[in-house]
Amino acid sequence: MSQEFRTTSGGRIDRDQAVRFRFGGRDYEGYAGDTLASALLANGVIQTSTSIKLGRPRGIFAAGVEEPNALVQVEEPFPEPMLTATTVELYDGLVARGLPGQGRLANEPDPARYDAMHAHCDVLVVGAGPAGLAAASVAAASGARVVLVDDQPEPGGSLLGTRETGALDWAASVAADLRANPEVRLLTRTTAFGYYDDNYVIAVERRTNHLGAAAPAHLSRERIWRIRARHVVLATGAHERSLAFDGNDLPGVMLAGAARTYVNRYGVRPGRRAVVFTTNDSAYAAAADLLDAGVEIAAIVDARPDANPQWRGVEVLAGHTIARARGEDRVAAVVLDDGREFAADLLLVSAGWNPAGALYSQVGGRLRFDADLGAFRPDGCRQAVEVAGAANGTYPVVGCLAEGTAAGQKAAEATGFTAGQVRPLPTIDERPATPPVHLWALPGDEATQFVDLQRDVTVADIRRATGAGMRSVEHVKRYTTAGTAHDQGKTSGTLTSGVVAHLLGVDVGDLGTTTFRPPYAPVSFAALAGRDRGALHDPVRVTALHSWHEAHGALFENVGQWKRPWYYPQAGEDLHAAVRRECRAVREGVGMMDASTLGKIDVQGPDAAVLLDRLYTNLISTLKVGAIRYGVMCRADGMVFDDGTVIRLASDRFLVTTTTGNAAAVLDWMEDFLQTEWPDLRVRCTSVTEQWATVALVGPRSREVLGALAPHLPVDNADFPFMTWRDTSVAGLPARVCRISFSGELAYELNVSWWDALALWEAVYAAGEPFGITTYGTETMHVLRAEKGYPIIGQDTDGTVTPQDLGMDWVVSKKKPDFVGKRSFARAENARPDRKHLVGLLPDDGATLLPEGAHLVEMETLPEPPVPMLGHVTSSYHSAALGRPFALALIRGGRDRMGERVYAPLGEALVPVTITSPVLYDPEGTRRDG
Amino acid sequence: MAGPGSDLPDHPDWLWRNPEPKRSYDVIVIGAGGHGLATAYYLAKNHGITNVAVLERGWLAGGNMARNTTIIRSNYLWDESAGIYEHALKLWEGLEEDLDYPILFSQRGVVNLAHSLQDVRDSVRRVEANRLNGVDAEWLDPQQVKEVCPIVNVSPDVRYPVLGGTYQPRAGIAKHDYVAWGFARAADALGVDLIQHCEVTGLDIAGGRITGVQTTRGRIAAGKVAMAAAGHSSVVARMAGIDLPVQSHPLQALVSELLEPVHPTVVMSNAVHVYVSQAHKGELVMGAGIDSYNGYGQRGAFHIIERQMSAALELFPAFARAHVLRTWGGIVDVTPDASPIVGLTPVDELYVNCGWGTGGFKATPGVGWCYAHTIAHGEPHPLNAPFSLDRFTTGALVDEHGAAAVAH
Amino acid sequence: MAEQTLLRQSPLAFAADRLAEVTRATGGAVYIAELPFLTQLNLRLDPKGPAAEAGALELGVPLPTGPGAATSGPAGSDELTVVWLGPDEWLVIGPPGTESDLAARLRSAIGDEHAAVVDVSAQRTTLELSGPRARDLLASGCALDLHPRVFGEGASAQTLLARAQVILVGRRDGAFRVLVRASFAAYLVDWLIDASVEYRVTR
Amino acid sequence: MMLIPCPWCGPREEAEFHYGGQAHVSYPADPAALSDADWARYLFFRDNPKGPFAERWNHSASCRRWFNVIRDTVTNEILAVYPAGQPKPVIA
Ligand SMILES: Cc1cc2nc3c(=O)[nH]c(=O)nc-3n(C[C@H](O)[C@H](O)[C@H](O)COP(=O)(O)OP(=O)(O)OC[C@H]3O[C@@H](n4cnc5c(N)ncnc54)[C@H](O)[C@@H]3O)c2cc1C
Ligand SMILES: NC(=O)c1ccc[n+]([C@@H]2O[C@H](COP(=O)([O-])OP(=O)(O)OC[C@H]3O[C@@H](n4cnc5c(N)ncnc54)[C@H](O)[C@@H]3O)[C@@H](O)[C@H]2O)c1
Ligand SMILES: Cc1cc2nc3c(=O)[nH]c(=O)nc-3n(C[C@H](O)[C@H](O)[C@H](O)COP(=O)(O)O)c2cc1C
Ligand SMILES: [Zn+2]
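Protein chains in written order, with UniProt numbering: chain A, 1 to 930; chain B, 1 to 408; chain C, 1 to 203; chain D, 1 to 92.
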């Protein structure tokens with residue numbers, strides 16, 4: 001029984017192209033151009049699943065994105081949870097099943113690509129029905145750049161579900177015009193789902209899914225369009241709604257407009273014999289098309305008392321309503337309010353139309369209840385936006401065309417274009433409309449009167465909510481879950497408001513709707529993530545030496561976006577072994593490290609020293625040209641923010657270095673003050689972080705290595721003292737050499753152009769070979785500096801630490817009247833003697849490595865919690881030089897506790913440790929000069 | 001066959017009255033969010049103060065209470081924070097019974113992921129502090145993270161690989177609306193008037209003391225007034241001439257469609273900015289990073305959501321074809337030290353509770369308890385004493401973002 | 001020292017083959033190549049002061065006075081390009097190897113005025129991007145309107161491309177130059193190559 | 001994603017900017033002369049109005065200029081844009 005409900009001709013399907021698919025474990029055939037829903041109906045499948053809460057049979061209710069009922073899970077070609085059968089285009093090899101409740105995610109990674117595009121236009125038109133096409137056509141003809149998006153595979157909108165051949169021909173030719181216009185982008189299968197400030201509209205284009213397994217792998221499956229429009233025309237149409245009556249959830253109950261679409265667009269009869277129940281004119285068009293397609297119309301029940309009692313030989317029961325739809329798992333009969341019963345397998349319902357106001361409302365547009373229309377319609381918005389056609393509550397095609405034309409014209413003119421020649425509009429013969437009536441809930445058994453089909457919410461549920469004291473539709477939504485499902489209440493939202501208003505006896509307009517939120521229709525996580533995944537999730541910043549480090553086995557540490565060599569393990573070495581070897585090499589021989597990630601800022605101008613004096617805690621202006629000073633910056637709250645060295649290049653020029661993570665923040669900080677606080681200061685700051693590559697050459701033999709590389713450079717201590725710099729040539733490369741040490745050892749920093757970095761590095765490596773030069777990474781660097789008690793900002797500080805807390809009183813100028821942060825040092829909290837101080841810790845057993853983050857307590861046995869804590873371990877390492885583990889810690893009143901024993905609770909044990917000076921290695925500083 | 005949701009408990013048939021405001025109350029609470037409602041409940045229950053009105057400008061609990069990602073945990077770094085959040089967690093553990101309302105409190109545990117060596121240090125620091133403070137806490141290595149939540153991608157090919165995480169087994173989620181309604185119903189039953197659609201537009205002060213409030217439904221006199229306006233705290237406090245050190249920002253969240261269970265716990269990642277749990281019906285509930293600018297619009301910008309999704313897929317590749325069903329935003333009031341402000345104000349008998357920022361849902365019972373005490377006694381409960389307004393003058397901040405920042 | 005081994009390395013030297021492959025794979029729809037070692041000077045001075053005039057005169061190129069513009073010269077050539085970066089900031093781009101000379105010329109022309117000339121030649125590297133899909137490739141990660149009428153030859157902007165900050169310069173025939181900081185260059189190349197997959201020619 | 005009109009570069013996406021909070025809060029001329037309370041005000045207290053708000057933005061991805069914007073914090077409507085240092089315009 002193949003496609004026994006298929007009409008013999010007509011529709012927009014390709015009858016020459018059969019498509020095989022599987023649903024609920026059975027094989028079926030449909031045609032190219034079908035949706036899963038239309039193909040199922042063609043095969044007589046009327047029930048698609050059972051309902052989520054009550055397990056009632058449920059079928060196909062609508063024909064588009066508004067479908068509340070026919071949820072499906074796609075299993076093949078790749079699992080995709082919870083789609084509606086009405087939006088899944090049929091393709092060969094589709095395997096799906098009905099979904100009563102929860103969707104299923106795939107167990108394997110999604111192989112598809114996803115991407116995003118930015119688009120700009122003068123006029124964005126959403127919806128390619130008659131209104132949208134007319135708008136786009138006028139706007140395009142004016143010369144404006146137009147983007148037209150529509151979620152269907154082809155333009156035409158609701159016309160596609162009609163037999164309006166004149167209008168359809170017009171639509172086809174307009175679409176062809178638009179496609180031929182280079183300034184127009186016509187995007188089909190594209191849903192605008194988010195409307196944000198400043199006419200920013202987000203849409204998703206489904207590009208390859210409808211091709212099934214044949215989808216080309218190199219194309220993105222879905223694409224996010226980020227559209228910035230100067231003017232927007234919303235021509236998104238309207239959604240038909242049902243009303244609450246007994247058994248209104250039975251398979252076979254269908255929106256009248258949807259049935260019309262199935263016959264006309266897909267060549268499918270959704271049933272054999274139908275009762276039509278309506279409150280307005282639109283269902284008659286559906287009835288006519290079904291009748292012509294061979295569906296028997298048993299009766300038309302028209303709630304309007306003055307409806308014409310005869311229509312094309314069908315009995316019209318004017319002024320009547322439905323009492324219930326009857327049947328086991330599908331409609332078998334329809335019972336009227338007067339008890340009359342009609343056998344039927346289809347009940348077509350129309351209780352009016354809701355203009356699709358979601359996008360409009362998302363961006364702050366007001367919706368107002370229009371009593372004549374019986375629906376909420378657009379009523380004012382801050383954006384540059386027009387609403388046209390059914391989205392505006394205008395239903396006759398002629399009206400839609402006229403409104404679309406006017407909207408397109410207005411949009412074009414608002415963006416500076418003059419409307420030009422447009423394709424003449426089709427003439428359509430439409431009967432003048434008779435006013436509808438508005439009904440929400442009919443008398444009956446409220447427990448089987450469904451308001452939200454997908455969430456199984458009935459009138460009885462709503463009555464419980466209002467009975468419990470709820471007066472707001474927002475409360476009722478949350479109490480009953482109405483409108484919170486996959487369809488977000490597209491067909492049920494206004495009905496919910498109507499029923500609540502009805503039960504509370506208030507005006508539905510005063511009650512309002514629940515809030516519309518993006519997305520208008522569900523959108524996949526993957527589409528939104530796009531290509532920002534894996535390595536592209538966040539930029540990987542690398543130095544000029546990165547490939548060398550990789551080739552030499554370095555393991556890397558993420559520091560902000562940077563990759564920094566962490567350590568260079570040799571065969572069989574773990575972190576500790578490698579770091580021990582690296583440390584020893586630096587302390588005893590010579591090591592080299594890539595320090596290029598430090599931020600570097602060129603600060604110049606007559607007032608450069610003034611600026612730096614105001615931003616650093618210490619005095620910079622007294623620095624001599626040729627010399628270098630370490631400096632600390634605080635935020636205004638007095639907490640340490642960054643540290644680094646300042647090099648004076650000339651009387652009016654400095655080079656400032658920052659920590660790796662803070663380069664941008666420090667430059668912003670400087671610019672902030674320069675531009676907003678002290679515009680009178682003549683200073684220019686330029687980032688040169690990547691202009692320079694920096695190689696640290698460290699250790700007692702470093703002088704010899706440098707000597708070999710720079711034979712013309714006097715390198716002995718007197719000629720090249722600590723904290724000075726020289727411009728010279730190293731290994732034949734122009735270089736700036738600084739005598740700085742972050743390890744306590746004799747050390748140099750060699751700065752060369754990024755382009756010369758590899759050449760320098762290899763030259764240093766070669767020149768150092770006779771001295772056993774060893775490359776080392778951040779871990780060794782951290783150990784070496786910790787042995788000297790040098791803090792790492794961000795590791796030994798946490799935004800609550802002052803320079804004084806770090807024991808760096810010496811870096812806080814007493815002479816300067818002010819610098820940023822100074823005033824905060826005078827606050828009560830900063831004067832407390834029990835502030836936390838940075839101190840050293842030595843585990844008494846000489847062996848335990850304290851975990852970083854461990855806390856310290858005063859007592860030998862732990863009391864019941866909360867246990868008073870003294871502070872915590874900020875840094876902790878095995879020291880090759882000291883031959884034991886040691887740590888740095890922030891301890892309450894730590895500087896006054898030197899020599900005291902405190903305890904680190906580790907698991908069940910309390911490890912005794914002794915508080916010491918943070919400088920544990922070479923406290924006299926004898927090694928720095930070699 | 002019945003699906004997910006059918007096993008969820010039913011709401012009571014009766015929740016609250018909708019009374020007309022009286023002309024005067026002993027205590028007026030401004031704001032019927034979770035905090036305001038809990039405060040009213042504990043005022044009545046713990047202190048016998050029942051002549052209380054909670055005034056709400058919109059619908060009851062329609063502010064942040066309706067829109068948070070419902071994460072409950074107490075594993076904060078500093079002693080002061082651990083004190084009040086752990087007090088709250090203990091109350092959560094008995095709340096369902098106390099309120100006689102099914103609030104779906106589920107102690108499924110919360111994992112806070114660490115993605116850098118510094119994250120690891122901060123995490124261990126927090127775990128150790130938690131333990132000493134009597135808060136359950138564990139450090140998990142990546143493999144253990146995977147055991148707790150099997151779909152987390154702990155492989156090294158993630159841009160910021162998971163280096164481990166902290167785990168609080170007693171933490172979890174609860175159903176936000178039910179919590180609000182539970183407190184509301186219980187407060188109503190004790191005689192508290194819950195008055196919706198009644199916006200406070202002015203605060204009446206005479207001789208340095210609060211005497212009542214102006215509202216869209218007329219003036220109401222009060223012996224004491226307690227602000228609990230969350231995102232609108234600055235606006236309300238301004239009515240008394242008080243400036244608060246808070247800034248109101250949009251914070252967004254989203255849900256997916258209902259999915260078969262895949263995510264048994266709560267996973268938070270500060271570094272990549274995503275927070276995930278799977279709610280009782282099956283929807284994935286996710287929070288994003290905060291929008292940078294001040295905003296009272298209850299909506300945020302879309303690039304925040306896009307960023308959140310790419311972060312989510314980094315950690316949970318299985319989510320690729322899940323769908324975003326709905327996004328929304330709330331208004332969070334953020335303080336300079338990421339800790340709340342609860343206590344007295346310069347105006348006599350006017351009290352402040354604000355600044356919970358992105359993380360005050362979890363505190364709901366705890367802060368209600370302490371705030372009620374503060375109001376009843378005219379001085380702070382010991383647990384909220386450290387969160388005074390004057391800490392910003394003295395500098396005694398409780399800086400929860402510097403060290404081990406975890407939002408929510 | 002073996003001086004001959006001391007070769008300069010441009011930030012994207014390692015990626016040249018992969019970039020060449022893009023052109024092949026896309027059948028010429030997209031062409032990406034590094035233009036290494038261009039001279040780049042960051043110039044900061046008061047646009048209304050005498051230094052601006054002196055500088056422009058020395059370069060033979062007027063300093064673009066507003067955003068979105070790049071000027072080239074000396075007249076009739078495009079040996080130098082000056083890109084507007086900010087109200088008192090420009091990037092002067094010249095042929096490789098001219099940075100010292102150009103900086104010295106500028107400094108002496110400017111004289112004692114308060115101005116900064118900073119050699120940033122190695123700070124960023126330059127990508128040349130052309131081919132019929134070059135614009136689309138950029139549009140997948142750049143929020144600017146790149147329509148030829150809006151962003152054509154002589155247009156410039158500092159903006160974001162994907163997650164990297166870039167300077168974009170419009171060139172003849174729909175081509176672009178993309179200047180990116182050296183540390184971000186590898187990321188940006190990965191990103192561009194990934195974006196070009198879309199335009200692969202398939203058989 | 002707001003479109004923020006940089007006074008130099010023209011309208012650009014919000015993602016290109018850094019937010020700087022309330023405008024017209026200047027660094028005190030003489031911090032040492034302030035009481036703890038006044039210093040705390042400078043450090044921590046900023047206006048937080050519902051409605052028009054004079055705030056700072058930095059065009060960090062482009063010209064790096066700081067400038068001021070008056071934006072309605074409810075609607076995100078930008079009512080005025082002006083360079084740093086200029087007085088706050090009067091918004092009707
Ligand atoms: C997206 C998001 C995710 C979050 N996730 C979490 C999380 O996972 N865990 C967590 O612990 N916290 C979370 N939070 C934070 C948490 O929601 C808030 O800290 C908490 O809800 C604030 O307390 P409240 O419930 O009283 O606030 P609200 O519910 O906002 O209550 C304040 C009430 O005051 C009313 N009001 C304001 N002005 C007036 C006036 N003038 N007159 C009368 N009434 C007024 C408001 O309408 C509102 O109802 C999240 C917040 C958001 C927005
Ligand atoms: N007789 C009636 O009572 C009645 C009622 C409603 C509609 N109609 C008919 O419907 C038509 C209305 O014309 P129209 O142009 O206003 O609307 P339309 O329904 O013809 O076209 C709207 C189009 O926009 C698409 N769309 C909606 N939201 C979208 C989104 N967010 N993103 C992308 N695409 C989206 C729809 O899929 C559709 O293709 C007329 O033919 C009219 O006669 C009649
Ligand atoms: C934990 C949680 C779960 C939610 N689940 C859903 C849901 O399944 N479906 C839905 O539509 N909305 C869901 N929401 C969102 C609400 O519908 C709503 O967006 C939120 O309360 C904010 O209100 P507003 O969007 O009306 O402003 C959920 C919200 C929260 C906080
Ligand atoms: Zn700018």
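Built from N, CA and C at the ideal position, the CB exists for glycine as well. Since the structure is predicted, the reported quantities are computational estimates derived from the model, not experimental observations.
Out of A:Val184, A:Ala128, A:Ala881, state which residue places its alpha-carbon closest to the alpha-carbon of Ala172 (chain A). Locating residue 172 (chain A) in the first sequence gives position 172, counting from the first residue. It is A:Ala128.
Using DSSP with H/G/I as helix, E/B as strand and the rest coil, what is Leu106 (chain C)? As a first step, residue 106 (chain C) must be located in the third sequence, where it is residue number 106. Three-state DSSP puts Leu106 (chain C) in a helix.
Thr418 (chain A), buried or exposed, once every other Cβ within 10 Å from all chains shown has been counted against 16: Taking the first residue of the first sequence as position 1, residue 418 (chain A) is located at position 418. Counting Cβ neighbours within 10 Å, Thr418 (chain A) comes out exposed, since fewer than 16 surround it.
Can you find a C-beta in chain B that's less than 7 Å from the C-beta of residue 95 (chain D)? Residue 95 (chain D) lies beyond the residue range present for chain D, which begins at 1 and ends at 92; the question has no answer from this structure.
Give the single residue among B:Tyr76, B:Val255, B:Lys90 whose Cα lies nearest to the Cα of Arg125 (chain B). Position 125 of the second sequence holds residue 125 (chain B). Out of B:Tyr76, B:Val255, B:Lys90, B:Tyr76 has the C-alpha closest to the C-alpha of Arg125 (chain B).
I'd like to know if the region 652–669 of chain A and the region 702–712 of chain A are in contact, where contact means that at least 3 CB-CB pairs between them fall below 8 Å. no
Strictly below 8 Å CB to CB, what residues from chain B border Tyr82 (chain D)? Locating residue 82 (chain D) in the fourth sequence gives position 82, where the first residue counts as 1. Those within 8 Å of Tyr82 (chain D) in chain B number zero; the least Cβ separation is about 17 Å.
Verify the contact flag: Arg471 (chain A), CB atom, against every heavy atom of ligand 1, threshold strictly below 6 Å. Sequence index remark: in the first sequence, residue 471 (chain A) carries index 471 (1-based). Incorrect: Arg471 (chain A) has no Cβ contact closer than 6 Å to ligand 1.
Going along chain D in order, which residues have a C-beta closer than 8 Å to the C-beta of Pro87 (chain C)? What you label residue 87 (chain C) is simply residue 87 of the third sequence in a count that begins at 1. Under the 8 Å cutoff, chain D gives Trp8, Cys63, Arg65.
Answer yes or no: do Gly840 (chain A) and Ser917 (chain A) have a C-beta to C-beta separation smaller than 7 Å? Residue numbering aside, residue 840 (chain A) sits at position 840 when the first sequence is read from its first letter. Residue numbering aside, residue 917 (chain A) sits at position 917 when the first sequence is read from its first letter. Yes.
State buried or exposed for Val201 (chain C), treating a residue as buried only when at least 16 other CB atoms are found within 10 Å of its CB. By one-based count along the third sequence, residue 201 (chain C) stands at place 201. Val201 (chain C) comes out exposed.
Collapsed DSSP secondary structure at Tyr616 (chain A) in the structure displayed: Residue 616 (chain A) sits at position 616 when you count from the first residue of the first sequence. Correct three-state label for Tyr616 (chain A): strand.
Neighbourhood of Asp756 (chain A) by C-beta, 6 Å cutoff - its chain only, sequence neighbours within 5 removed: One-based indexing of the first sequence puts residue 756 (chain A) at position 756. Excluding sequence neighbours, Asp756 (chain A) sits near Leu733.
Just to confirm, is the Cβ distance from Ala131 (chain A) to Cys400 (chain A) under 7 Å? Indexing the first sequence from 1 puts residue 131 (chain A) at position 131. Indexing the first sequence from 1 puts residue 400 (chain A) at position 400. Yes, the Cβ-Cβ distance between Ala131 (chain A) and Cys400 (chain A) is below 7 Å.
Own chain partners of Glu199 (chain B) with C-beta closer than 7 Å, once the 5 adjacent residues on each side are dropped: Taking the second sequence and counting its residues from 1, one reaches residue 199 (chain B) at position 199. Hits under 7 Å: Arg57, Thr215, Thr216.
Check each residue of the region 677–698 of chain A: if its Cβ is closer than 7 Å to any Cβ of chain D, include it; give the result in chain order. Glu677, Pro679
Helix, strand or coil at Met309 (chain B) according to DSSP, with G and I counted as helix: In the second sequence, counting from the first residue as 1, residue 309 (chain B) sits at position 309. It is helical.
Can you check DSSP and say which residues form a bridge with Ile628 (chain A)? By one-based count along the first sequence, residue 628 (chain A) stands at place 628. Beta-bridge pairing links Ile628 (chain A) to A:Ile647.
State the beta-bridge partners of Gly164 (chain B) as determined by DSSP. Position 164 of the second sequence, counted from the start, is the residue given in the question as residue 164 (chain B). According to DSSP, Gly164 (chain B) bridges with B:Ala114.
Taking the alpha helix (DSSP H) that Pro130 (chain A) belongs to, which residues open and close that run? The residue you call residue 130 (chain A) lines up with position 130 of the first sequence. Unbroken alpha helix (DSSP H) run through Pro130 (chain A): 130–141.
Residue-chain proximity (Glu13 (chain D), chain C), Cβ-Cβ < 7 Å: In the fourth sequence, the residue the question calls residue 13 (chain D) occupies position 13. Yes, Glu13 (chain D) counts as interfacial toward chain C.
Does the CB of Gly143 (chain A) have a neighbour CB from chain D at under 7 Å? As a first step, residue 143 (chain A) must be located in the first sequence, where it is residue number 143. Cβ-Cβ to chain D under 7 Å: no for Gly143 (chain A).
May I ask whether a heavy atom of ligand 2 can be found less than 6 Å away from the beta carbon of residue 956 (chain A)? The shown model of chain A, from 1 to 930, leaves out residue 956 (chain A), and the question about it has no answer.
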